[in-house]
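In full-length UniProt numbering, the protein residues as written are 1 to 320.
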């Protein structure tokens with residue numbers, strides 16, 4: 001009995017240590033993803049947007065392929081799933097990073113990071129549209145609040161200036177978010193058949209190949225770029241696309257999805273602060289208000305999802 005109690009105490013201590021480590025790792029992920037907009041802004045000032053994305057994901061593809069070989073040496077994609085896998089690669093890598101890099105080039109790192117926060121809201125809308133998922137009153141209210149928050153974030157002064165480069169950049173960022181939301185829905189239909197590392201690796205390779213013809217269109221803008229720009233591309237490839245992915249997969253094993261979602265809500269805040277501090281970007285108070293509204297909407301949606309799961313668990317318990 002004493003041995004059992006000792007084992008129980010040690011296992012609790014071990015789990016607490018793992019949870020603490022997972023929280024620390026998640027903080028690293030959030031910080032790296034938050035400051036990634038700074039690196040994108042600096043890199044696209046010297047390298048054309050699509051070419052920069054291509055360089056980033058050539059490097060990331062090599063590292064992810066090596067990682068997949070070590071973790072899952074026999075990983076293969078079924079021929080029937082290839083169209084979905086390819087669509088995921090085109091939407092999640094080619095389209096997303098084309099729109100994002102173009103958007104950051106025209107707008108600001110701060111604006112881009114604020115707009116990124118709307119992804120979960122777009123995903124809810126698409127989930128209802130394509131998968132006929134039920135939407136609760138709280139979720140519906142959250143979507144409305146997020147739409148208002150996004151409007152405030154992209155217009156800055158409350159007015160839409162169609163001729164503004166910033167406005168066009170913000171619209172391109174929204175296109176990037178729609179691409180990412182569609183990408184997550186495609187991956188939802190592939191979950192269970194493939195691991196996260198397998199899907200990410202193959203979709204990254206496919207998306208990278210599709211970036212090649214688009215980047216060739218920028219041939220006239222190709223120039224020799226500085227070592228500083230190269231280091232930023234390397235940081236985006238290895239730090240944000242490989243290390244953050246591995247860390248995030250670890251976090252998902254040890255922390256509840258609700259906690260990770262709240263952590264991810266801090267990404268735009270870090271993006272705005274770092275944009276202001278490193279790039280001297282100005283952010284209007286109304287934009288900050290819009291960003292906070294969107295973050296509150298995401299937290300509300302998350303609470304609603306947790307409650308739904310708890311109610312479902314209680315109903316299942318009552319069946320026994």
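From the three backbone atoms N, C-alpha and C, an ideal C-beta is built for every residue, glycine too.
TODO: Assess, as a yes-or-no matter, whether the stretch 15 to 35 is touched by the stretch 68 to 81 under the definition of 3 or more beta carbon pairs within less than 8 Å.
DONE: no
Apart from the five residues on each side of it in sequence, which residues of its chain come closer than 6 Å, Cβ to Cβ, to residue 107?
Within the chain shown, numbered from 1, the residue matching residue 107 stands at position 107. 166, 169 and 170, listed in sequence order.
**Q.** Assumed close pair residue 43, residue 229 - CB separation to whole angstroms, cut-off 8 Å
**A.** As a working note, residue 43 is residue 43 in the chain shown. As a working note, residue 229 is residue 229 in the chain shown. Confirmed, Cβ separation roughly 5 Å.
Practice prompt. Taking residue 210 as part of the alpha helix (DSSP H), name the residues at either end of that continuous run.
Written response: Taking the first residue of the chain shown as 1, we reach residue 210 at position 210. 196 to 216 is the extent of the alpha helix (DSSP H) around residue 210.
TODO: Specify whether the stretch 49 to 56 and the stretch 274 to 289 touch according to this definition: at least 3 beta carbon pairs, one from each stretch, less than 8 Å apart.
DONE: no
*Cα separation between residue 198 and residue 68?*
For the purposes of this step, residue 198 is taken as residue 198 along the chain shown, with counting starting at 1. For the purposes of this step, residue 68 is taken as residue 68 along the chain shown, with counting starting at 1. Taking the straight line from one Cα to the other gives about 7 Å.
Next item on the list: Examine the Cβ distances between the stretch 198 to 208 and the stretch 117 to 137 and report whether three or more of them are shorter than 8 Å.
Entry: no
In whole angstroms, what separates the C-alpha of residue 187 from that of residue 127? As a working note, residue 187 is residue 187 in the chain shown. As a working note, residue 127 is residue 127 in the chain shown. Each residue's Cα considered, the two are about 12 Å apart.
Considering only the alpha carbon of each residue, which of 237, 37 and 209 lies closest to residue 102? In the chain shown, counting from the first residue as 1, residue 102 sits at position 102. For the residues 237, 37 and 209, the minimum Cα distance to residue 102 belongs to 37.
Check: Based on Cα-Cα distance, which residue from 268, 204, 54 and 65 lies nearest to residue 91?
Finding: Taking the chain shown and counting its residues from 1, the one referred to as residue 91 is at position 91. It is 204 whose Cα lies nearest to the Cα of residue 91.
Worksheet item: Per DSSP, which one or two residues make a beta bridge with residue 191?
Response: Translated into the one-based positions of the chain shown, residue 191 becomes position 191. For residue 191, which the question treats as bridged, DSSP gives the partners 194.
| task | May I ask which residues mark the beginning and end of the alpha helix (DSSP H) holding residue 243? | result | Stepping through the chain shown from its first residue, residue 243 is reached at position 243. First-last for residue 243: undefined, no H or E at that position.
Just to confirm before moving on: does the CB-CB distance between residue 181 and residue 60 stay below 8 Å? Counting from one through the chain shown, the residue named residue 181 turns up at place 181. Counting from one through the chain shown, the residue named residue 60 turns up at place 60. Going by C-beta atoms, residue 181 is not nearer than 8 Å to residue 60.
Quiz prompt | residue 19 classed as buried or exposed, judged by whether at least 16 other C-beta atoms fall within 10 angstroms | solution = Taking the chain shown and counting its residues from 1, one reaches residue 19 at position 19. Flag for residue 19 reads exposed.
With a threshold of 6 Å on Cβ separation, who are the neighbours of residue 89 within its own chain once the five nearest residues in sequence on each side are excluded? Residue 89 sits at position 89 when you count from the first residue of the chain shown. Within the same chain, residue 89 has close Cβ partners 203, 206 and 207.
_Quick check on DSSP: helix, strand or coil for residue 48?_
For the purposes of this step, residue 48 is taken as the residue at position 48 of the chain shown. Residue state, collapsed to three classes: coil.
Residue 363 and residue 274 closer than 8 Å at C-beta: Since the first residue shown for the chain is 1 and the last is 320, residue 363 is missing from the structure and cannot be characterised.
Starting from the Cα of residue 193, find the closest Cα among 84, 149 and 138 and give me that residue. Your numbering for residue 193 matches position 193 in the chain shown. Out of 84, 149 and 138, 84 has the C-alpha closest to the C-alpha of residue 193.
Worksheet item: Run through DSSP, which three-state label would residue 295 get?
Response: As a first step, residue 295 must be located in the chain shown, where it is residue number 295. Looking at residue 295 - three-state DSSP - the assignment turns out to be helix.
Next on the checklist: Just to confirm before moving on: does the CB-CB distance between residue 39 and residue 254 stay below 8 Å?
Outcome noted: Start at 1 with the first residue of the chain shown, and residue 39 comes out as number 39. Start at 1 with the first residue of the chain shown, and residue 254 comes out as number 254. No, the Cβ-Cβ distance between residue 39 and residue 254 is not below 8 Å.
*Relative to the alpha-carbon of residue 41, which residue among 294, 280 and 293 has its alpha-carbon at the smallest distance?*
As a working note, residue 41 is residue 41 in the chain shown. Comparing Cα-Cα distances from residue 41 to each of 294, 280 and 293, the minimum goes to 280.
Taking Cβ to Cβ, would you say residue 284 is nearer than 8 Å to residue 173?
Residue 284 sits at position 284 when you count from the first residue of the chain shown. Residue 173 sits at position 173 when you count from the first residue of the chain shown. Cβ atoms of residue 284 and residue 173: not closer than 8 Å.
Whole runs of the alpha helix (DSSP H) within the UniProt domain "EamA" (22 to 154), excluding any shorter than 4 residues: 49 to 71, 82 to 89, 96 to 106, 109 to 116 and 119 to 131
Worksheet item: What do you reckon, are the CB atoms on residue 96 and residue 183 nearer than 8 Å?
Response: Position 96 of the chain shown holds residue 96. Position 183 of the chain shown holds residue 183. Yes, the pair counts as a contact, with Cβ atoms nearer than the cut-off.
Taking the alpha helix (DSSP H) that residue 231 belongs to, which residues open and close that run? The residue given as residue 231 occupies position 231 in the chain shown. That run of the alpha helix (DSSP H) goes 227 to 234.
Helix, strand or coil for residue 278? Go by DSSP, reduced to three states. As a first step, residue 278 is located in the chain shown; it is residue number 278 there, counting from the start. Note: residue 278 maps to helix in three-state DSSP.
- Query: Mind checking residue 30: buried by the 16 CB within 10 Å criterion, or exposed?
  - Reply: In the chain shown, counting from the first residue as 1, residue 30 sits at position 30. Looking at its Cβ environment, which holds 16 or more other Cβ atoms inside 10 Å, residue 30 is buried.
| query | Taking all protein chains shown into account, do 16 or more other C-beta atoms lie within 10 angstroms of the C-beta of residue 251, making it buried, or fewer, making it exposed? | reply | Position 251 of the chain shown, counted from the first residue, corresponds to residue 251. Buried is the call here.
Between the CA atoms of residue 195 and residue 76 - distance to the nearest angstrom: In the chain shown, the residue the question calls residue 76 occupies position 76. In the chain shown, the residue the question calls residue 195 occupies position 195. One C-alpha to the other measures close to 11 Å.
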